[in-house]
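Take a look at the structure set out below.
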Amino acid sequence: MVDKGTLVEFKHQGQPRLGVVDRPEGKKNWVVIDERGQAHTLHPRDLTYEVSGNTYKPTDIAPFTTEAGSYIDPSSLEIAWEFLIESGESADPATLAELLFSDQSPTFCYAAHRLLVEDKIFFKQKGDRYEPRPAAQVDELRLQLEREAQRQHEWESFITKARQAMAGETVSWEKSDRPRLEILERLALFGDESSQRTQAVEILNALGTNPTAAGAFDTLVSLGLWSVHENLALRRSQIPGHFSEETLTMAQQRLQSPPPDPDAHRVDLTHLKAYTVDDASTQEIDDGLSLETLGDGTQRIWIHIADPTRWLMPGDDLDLEARRRCTTVYLPTGMIPMFPMELATGAMSLIQGQTCCALSFGITLTADGDIQDYQIHPTLIRPTYRLTYDDVDEMLELGITAEPELQGLAHWAKVRGRWRLTQGAISINMPESSIKVSEAEDDIVIEVLNDSTARQMVAEMMILAGEVAARYGQTHALAIPFRSQPQPELPSDEELIQLPTGWVRDSAIRRCMTRSEVGITPSRHATLGLDSYSQVTSPIRRYLDLVTHFQLKAHLRGEPLPFSSTEVTELAIGASSAAYEATLVERQTKRYWSLEYLRRHQDRVWEVMLLRWLREDEGLGLIMVEDLGLELAMRFNRAVALGEQFQVRVSHASPRQDVIRFEEVAPESEEAAASAMTAS
């Protein structure tokens with residue numbers, strides 16, 4: 031039973047509040063007036079404390095609260111806890127008031143009540159009394175509260191810094207900030223599939239930004255941590271972007287103190303003129319060509335492949351790092367190498383004017399292009415010229431007599447190409463393009479790679495080396511990675527003849543091609559027209575090529591092979607998976623920058639050709655943007671014939687959403703626009 035004028039505590043919206051009992055309401059409830067004069071109807075169980083001994087008016091509440099508040103010092107509880115745990119006694123507000131203040135008047139008792147209610151460390155409530163917690167439990171609770179306080183501090187610090195960064199201020203991120211930034215990154219990358227989406231939404235809401243994947247992306251850009259053109263495909267992949275300090279240190283150690291060369295008696299071919307032929311931007315120079323004229327006038331082709339095995343051993347840290355990466359990744363913004371750059375573009379590469387270690391394939395061909403004889407040796411070579419494809423094309427076109435070796439190599443490449451066609455090789459000539467993006471991402475250059483004589487020459491020689499490596503492996507029953515391709519079901523001659531010649535026909539053939547396979551059993555490669563083939567010409571940038579080098583060189587030395595059949599099979603499976611992921615990232619990145627290039631040139635008119643239908647009933651076709659060598663989808667609202675050429679303009683492009691739409695431009699309207707521009 032509560033009397034009128036009694037001061038009581040109750041909860042209002044989760045917070046404690048004092049009020050004075052005014053009158054009963056019904057059989058059990060009471061009307062209580064708070065200090066603001068507001069009435070509350072309360073059941074006795076809603077009352078959390080009753081101030082006994084005096085009667086009060088609502089105007090007494092404020093001074094009472096102020097006076098009691100002046101005595102509430104949580105640090106004083108520890109003294110009471112130490113006394114009570116020693117005596118083994120429990121406490122109530124009156125007992126604690128006497129213990130702390132030597133006074134049990136209402137304000138002191140209420141202050142003691144508030145101390146006990148708000149305490150999270152020293153006392154545990156049991157009924158109307160509070161028992162002191164054991165010392166071990168107090169220590170644990172203190173630690174938990176300290177951790178929580180630390181987390182709260184880190185949260186507030188992070189939000190403050192994030193807001194500053196979004197306002198353009200320079201901030202220093204700390205290690206404790208990294209988990210929250212990674213939470214935002216995961217939402218930006220994986221959207222609703224992010225495992226920490228709830229935490230990311232909390233952060234974005236606190237920052238007042240859109241709590242979505244797009245909002246997370248925009249936030250990371252505004253924080254200065256990501257670029258507007260951040261490569262999400264690369265970030266989603268397992269491809270490591272950087273080498274560890276340990277790996278870089280080991281690379282430096284190998285350069286300063288090379289391991290003993292297992293092929294101490296290399297064949298010296300430094301007297302041969304050797305050409306390396308690549309794009310101007312190529313940094314990993316992994317192949318070179320020579321032509322040797324023998325005493326009887328026979329010409330021997332030498333295909334020199336860089337020998338990175340000179341700098342590492344199977345199973346060492348550099349080898350394991352290369353195995354983890356499996357391939358060099360080539361992106362418009364730059365490459366991610368399989369080996370540290372100091373090795374990949376330095377000691378491992380075939381550098382002009384320097385004596386380099388190589389694995390060389392010496393091959394003589396029959397008049398019709400079949401392999402007549404071959405030999406494989408670890409060698410020393412000295413590249414004479416570093417040439418670009420354009421350089422070689424120009425030299426071949428001009429017929430420079432000072433370089434008859436180049437003319438000879440080009441001749442044998444054509445002979446080889448014709449021979450492979452007689453063996454069933456499938457020729458597909460679709461344009462390829464190279465996309466280069468400046469470091470500042472403000473310049474995009476797209477160049478169509480012409481299928482020139484120089485490119486055909488190098489490609490044929492690399493295929494020839496792969497056939498020789500496979501023959502050697504097959505002859506000696508070596509466990510090396512053989513690459514094969516099942517025979518595709520090509521369109522019939524009747525079907526092909528109905529298609530326009532050139533890109534349309536080649537596109538139809540390419541669509542039927544099967545994926546290549548890798549295994550330790552030699553098998554036919556349909557596209558190349560070879561009964562067996564092993565990639566061996568890029569050991570700096572393809573791990574399986576490196577495995578083949580290890581195996582071939584060990585056999586040439588008469589030593590046991592470093593990898594068993596089972597190990598080669600496992601390596602092939604892992605490398606194929608990694609290569610597929612790398613190809614996917616390369617393709618997605620190239621497409622992103624293609625769309626960005628077209629977005630930046632929305633006013634330009636492009637000549638295009640319809641290659642094939644994707645969904646003819648929906649008017650969706652695949653077009654070739656001729657000046658760029660790009661294949662993109664376009665929707666038509668009129669009848670269009672395969673091979674038809676017309677003009678288009680970009681109507682909408684969003685690289686981030688992977689969307690591009692074209693609209694056809696009528697030739698007369700283009701002429702009218704040109705006339706208008708001339709008139710103005």
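Residue numbers (this note's numbering): 31 to 710. Don't be surprised by glycine CBs; every beta carbon is placed ideally from N, CA and C. Fair warning: this is a prediction, and the values are worked out from it, not measured in the lab.
- Would you mind working out which of 600, 601, 599 and 581 sits nearest residue 592, comparing C-alpha positions? 581
- Message: Would residue 388 and residue 406 qualify as a contact pair, given that the criterion is a beta-carbon distance under 7 Å?
- Response: no
- Item | Three-state secondary structure assigned by DSSP to residue 375 | helix
- Message: Tell me the rounded alpha-carbon separation between residue 674 and residue 630.
- Response: 26 Å
- Task: May I have the straight-line CA-CA distance separating residue 460 from residue 241, to the nearest angstrom?
- Result: 44 Å
- Item | Rounded C-alpha distance that separates residue 486 from residue 359 | 23 Å
- Query: How about residue 668 and residue 650: do their beta carbons lie closer than 7 Å?
  - Reply: no
- Quick one: Cα of residue 476 to Cα of residue 621, how far? 12 Å
- Message: I'd like to know whether the C-beta atoms of residue 498 and residue 659 end up nearer to each other than 7 Å.
- Response: no
- What's the gap between the Cα of residue 624 and the Cα of residue 488? 27 Å
- Which partner residues does residue 42 have in the DSSP bridge list? 45
- Does the beta-carbon of residue 150 have 16 or more other beta-carbons within 10 angstroms, so that it is buried, or is it exposed? exposed
- Going by the CB atoms, is the gap between residue 379 and residue 315 shorter than 7 Å? yes
- Nearest to residue 685 (by Cα), restricted to the options 115, 121, 258 and 228: 258
- Query: Tell me the DSSP bridge mates of residue 543?
  - Reply: Paired residue(s): none; residue 543 is not in a bridge.
- Item | DSSP three-state assignment for residue 270, whether helix, strand or coil | coil
- Query: So, helix, strand or coil for residue 235, using DSSP?
  - Reply: helix
- Task: Give the DSSP-derived three-state secondary structure of residue 255 in the structure shown.
- Result: coil
- Task: Using DSSP bridges, identify the partner residues of residue 664.
- Result: 651
- Item | Buried/exposed call for residue 73, threshold 16 Cβ in 10 Å | exposed
- Message: In the DSSP output, what is residue 59 paired with across the bridge?
- Response: 55
- Please state if the CB of residue 329 and the CB of residue 321 are separated by a distance shorter than 7 Å. yes
- Please list the segments of the alpha helix (DSSP H) lying wholly inside the region 74-115, counting only runs of 4 or more residues, in order along the chain. 91-99
- Task: Within the same chain, show all residues whose beta-carbon is closer than 6 Å to that of residue 363, passing over the 5 residues directly before and after it, in chain order.
- Result: 467
- Query: Just how far apart, CA to CA, sit residue 546 and residue 237?
  - Reply: 50 Å
- Message: Helix, strand or coil, according to DSSP, for residue 310 in the structure here?
- Response: coil
- Query: Any idea if residue 272 is buried or exposed, counting beta-carbon neighbours within 10 angstroms, 16 or more meaning buried?
  - Reply: exposed
- Item | Cβ-based neighbour list, residue 708, same chain, cut-off 6 Å, excluding 5 preceding and 5 following | Reliability fails at residue 708, whose pLDDT of 37 lies under 50, so the model's placement of it is uncertain and the value that follows must be treated cautiously. Taken in chain order, the list of residues that qualify is empty.
- Query: So what does DSSP say about residue 334, is it helix, strand or coil?
  - Reply: strand
- Would you kindly report the start and end of the unbroken beta strand (DSSP E) that includes residue 187? Looking at the DSSP string, residue 187 is not in any beta strand (DSSP E); the run it does join, the alpha helix (DSSP H), is 165-196.
- Message: To test your reading of the DSSP string, which unbroken alpha helix (DSSP H) runs of 4 or more residues are found completely within the region 585-638?
- Response: 595-630
- With 16 other CB atoms within 10 Å as the buried threshold, where does residue 542 fall? exposed
- Query: CB-CB under 8 Å to residue 52, same chain, minus the five flanking residues each way: which ones, in chain order?
  - Reply: 34, 60, 61, 62, 63 and 69
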